[in-house]
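Q:
Protein chains: 2
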Amino acid sequence: MEMKSENACFGGVQGVYTHASQATGKDMTFGLFLPAEAKDGPVPVLWFLSGLTCTHENAMTKAGAQGWAAEQGIALVFPDTSPRGDGVADDNAFDMGQGAGFYVNATEKPWAPHFQMWDYVAEELPALIGSEFAVDLDRQSITGHSMGGHGALTLAMGLPGRFRSVSAFSPICNPSRSDWGRKQFTGYLGADEQKWASHDASLLMTERGFEGPLLVDTGTKDQFLDLLMPETLAQAAAARRQQAILRMQPGYDHSYFFISTFMEDHVSFHAESLYAG
Amino acid sequence: MEMKSENACFGGVQGVYTHASQATGKDMTFGLFLPAEAKDGPVPVLWFLSGLTCTHENAMTKAGAQGWAAEQGIALVFPDTSPRGDGVADDNAFDMGQGAGFYVNATEKPWAPHFQMWDYVAEELPALIGSEFAVDLDRQSITGHSMGGHGALTLAMGLPGRFRSVSAFSPICNPSRSDWGRKQFTGYLGADEQKWASHDASLLMTERGFEGPLLVDTGTKDQFLDLLMPETLAQAAAARRQQAILRMQPGYDHSYFFISTFMEDHVSFHAESLYAG
Chain A
307 MEMKSENACF GGVQGVYTHA SQATGKDMTF GLFLPAEAKD GPVPVLWFLS GLTCTHENAM
367 TKAGAQGWAA EQGIALVFPD TSPRGDGVAD DNAFDMGQGA GFYVNATEKP WAPHFQMWDY
427 VAEELPALIG SEFAVDLDRQ SITGHSMGGH GALTLAMGLP GRFRSVSAFS PICNPSRSDW
487 GRKQFTGYLG ADEQKWASHD ASLLMTERGF EGPLLVDTGT KDQFLDLLMP ETLAQAAAAR
547 RQQAILRMQP GYDHSYFFIS TFMEDHVSFH AESLYAG
Chain B
307 MEMKSENACF GGVQGVYTHA SQATGKDMTF GLFLPAEAKD GPVPVLWFLS GLTCTHENAM
367 TKAGAQGWAA EQGIALVFPD TSPRGDGVAD DNAFDMGQGA GFYVNATEKP WAPHFQMWDY
427 VAEELPALIG SEFAVDLDRQ SITGHSMGGH GALTLAMGLP GRFRSVSAFS PICNPSRSDW
487 GRKQFTGYLG ADEQKWASHD ASLLMTERGF EGPLLVDTGT KDQFLDLLMP ETLAQAAAAR
547 RQQAILRMQP GYDHSYFFIS TFMEDHVSFH AESLYAG
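Quick note, the sequences are listed as chains A and B, same order.
For the first sequence, my numbering gives the first residue as 307, with consecutive numbering after it.
For the second sequence, my numbering gives the first residue as 307, with consecutive numbering after it.
#1: For the segment 507-565 of chain A, list the alpha helix (DSSP H) runs that are entirely contained and at least 4 residues long, ordered along the chain.
#2: So is Cys315/A in contact with chain B if we call contact Cβ pairs under 7 Å?
#3: Can you find a C-beta in chain A that's less than 7 Å from the C-beta of Phe563/B?
#4: Under 7 Å Cβ-Cβ, which residues of chain A neighbour Tyr558/B?
#5: If Met569/B sits next to Ala369/B, beta carbons under 8 Å apart, how far is it from one beta carbon to the other, in whole angstroms?
#6: I believe Leu355/B touches Gly454/B by the beta-carbon criterion, under 8 Å. Please report the beta-carbon distance rounded to the nearest angstrom.
#7: Using alpha carbons as the reference points, say which of His420/B, Thr359/B, Leu533/B lies closest to Asp484/B.
#8: List, in chain order, every chain B residue whose beta-carbon is nearer than 7 Å to that of Gln320/A.
#9: Mind checking whether Lys501/A and His420/A have CB atoms under 7 Å apart?
#10: So for His572/A, helix, strand or coil by DSSP?
#11: On the CB-based measure, 16 or more other CB atoms within 10 Å of its CB, does Gly467/B come out buried or exposed?
#12: Alpha carbon to alpha carbon, what distance is there between Asp498/A and Ala562/B?
#13: Shortest alpha-carbon distance to Pro389/B belongs to which of Gly357/B, Gly373/B, Gly347/B, Ala329/B?
#14: Taking 7 Å as the threshold (beta carbon to beta carbon), is Thr567/B in contact with chain A?
#15: Just curious, the alpha helix (DSSP H) that Ile435/B is in, first and last residue?
#16: Is the CB-CB distance between Asp386/B and Met334/B below 7 Å?
#17: Pick out whichever of Val394/B, Gly347/B, Trp417/B has its Cα sitting closest to the Cα of Leu443/B.
#18: Output needed in chain order: residues of the segment 508-530 of chain B with a Cβ under 9 Å from some Cβ in chain A.
#19: Leaving out five residues on either side along the sequence, give the residues of the same chain with a beta carbon under 8 Å from the beta carbon of Glu578/B.
#20: Among Arg546/B, Phe475/B, Glu517/B, Arg514/B, whose alpha-carbon lies nearest the alpha-carbon of Gln555/B?
#21: On the premise that Ala381/B lies in contact with Val349/B, defined as a C-beta separation below 8 Å, what is that separation, rounded to the nearest angstrom?
#22: Report all residues from its chain with a CB closer than 6 Å to the CB of Gly457/B; omit the five preceding and five following residues, and keep chain order.
#23: What separation, rounded to the nearest whole angstrom, lies between the Cα atoms of Leu461/B and Trp424/B?
#24: Can you grab the Cα-Cα spacing for the pair Pro481/A / Leu539/B, in whole Å?
#25: Just list the residues that DSSP pairs Gln422/A with in beta bridges.
#26: For the alpha helix (DSSP H) containing Lys368/B, name the first residue and the last one.
#27: Using alpha carbons as the reference points, say which of Thr492/B, Gly405/B, Thr567/B, Gln549/B lies closest to Gly391/B.
#28: Closer than 8 Å, Cβ to any Cβ of chain B: which residues of the segment 370-397 of chain A, in chain order?
#29: Taking only beta-carbon atoms, is Thr361/B less than 7 Å away from chain A?
#30: On the DSSP bridge list, what partners appear for Cys315/A?
#31: Where Gly357/A and Asn364/A are concerned, what is the direct C-alpha to C-alpha distance, given to the nearest angstrom?
#32: Suppose the cutoff is 6 Å on Cβ atoms and the five residues either side in sequence are ignored; what does the same chain contact list for Leu340/B look like?
#33: Name, in chain order, the residues that DSSP records as bridge partners for Val349/A.
#34: Counting contacts by CB-CB distance shorter than 7 Å, is Lys345/B in contact with chain A?
#35: Who pairs with Ala381/A in a beta bridge, going by DSSP?
#36: Whose Cβ in chain B lies nearer than 7 Å to the Cβ of Lys368/A?
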């Protein structure tokens, strides 16, 4: 693992690290914020999964999360959204290929060799940060934006017991029925829609839900609302009486200005679970 | 004036606008955050002047200022750092020409036709936002980063009575004696160093000071400390017993991670003056 940069930030350290990833077969870069408390021992950790076109850097510089995480003594992890570099398949569309891994393990050509983002985020990166940094893997929560909100929801429901709480900013809620999903799942997972179900938050909500608190914020002026379909997740959550706070925020769009506005709420929300019991 | 974007943000609106500037003879773009209170009437305004290579956008997306400004009911203005576009002189160095206006009115070729950033920030842009938006020009304060910290300090001292308070993050404090200053002042203002004095914060502090509170934060690990020379400003402020809070922040560098860490302090500091009396 190579340290790319470390900057003092809210009493802690915002680092950027690169490592050779087994899951993706490429070097991967991630951001990690450690609060001051990490000097004294392992701290709880909140994952932030980013959206289409993002790298590890966007949320790290624009989401305004570190201040609230510092206040709560929580670490933040900012993974990249796909493998990158020589020999990694790509697509001309911004919503497919590099920058658009959708947090799945691709089974289809040409994606399968490197696009193993589920394994990377669910297994390899947690193991790495658990061994290299003072983070407590028994206290993890997860959030994300847009495609990363989809990732947060599907990882949280797909890995029962892993995360104490889950939240999302303007997540893609029903990718099996959205143009942000059908093309990508067809490409990465193949045409058999049954294989998509474990990567669709609304279907997972209907089938199994999440054992813990859920918070979702979406803007009423989000320019991608028809692709996100927050109503589908809301209906599924309502049907199973899922513990949940689902908010449509008046006037807000899909931008980081929206994310930063509600970041304090999300970090506080996760802190409650991360420090419970 | 043309609206380029408006995003809901912390209950207010983060806008970006372009206008034909008389001072610079080019179209200029600026960011303006208006808190919710601006719907009911004019609000106080805090200027944020940015550093080398920045546009209006960097601080607007990375400084984390809007949340604190919203809490205080204060507007934020993010001007660009130079004229840009066809026919505007430039230099291959990142610290000269476009993105590096140094908040002066250039008198020398080839800069003089467009590099009139003092007039732009001191006169034209305030008049524009005062006429187009609900901001109260009787309640203005100013801050900035690096070259923009230099701009904030020199504008505050150079325009007595204009700003109620001034602060800066890692400002260039003594450009007449720094490689971040001598080259630029020679280019923009000519070789006569007497003409530089009104754009040197340490000389202004010695000569006249600032009638109001001053706050400066600089990181002890700032990679540009020898160019910034915070000690020179500190010595000048001490000599005249200037009302001031001058802080060297342990471990912090020159980045936006540093700025965002102390942004709450700076906005609160200005709010005290903006809401006094």
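We put the beta carbon where it would ideally sit given N, CA and C, even for glycine.
A: Per the coordinate set shown:
#1: 507-513, 531-534, 536-545
#2: yes
#3: yes
#4: Ala314
#5: 6 Å
#6: 3 Å
#7: A small correction: the amino acid at residue 484/B is Ser; Asp does not occupy that position in the sequence shown. Nearest of His420/B, Thr359/B, Leu533/B to Ser484/B, Cα basis: Leu533/B.
#8: Phe563
#9: no
#10: helix
#11: exposed
#12: What sits at residue 562/B in the sequence shown is Tyr, not Ala. About 46 Å.
#13: Ala329/B
#14: yes
#15: 431-438
#16: yes
#17: Gly347/B
#18: Gly525, Lys527
#19: Ser471, Pro519
#20: Phe475/B
#21: 5 Å
#22: Leu355, Tyr409, Gly450
#23: 8 Å
#24: 57 Å
#25: Asn411/A
#26: 363-368
#27: Gly405/B
#28: Gly370, Gln372, Gly373
#29: no
#30: Gly318/A
#31: 9 Å
#32: Gly318, Val319, Ala381
#33: Val441/A
#34: no
#35: Val351/A
#36: Thr367, Lys368
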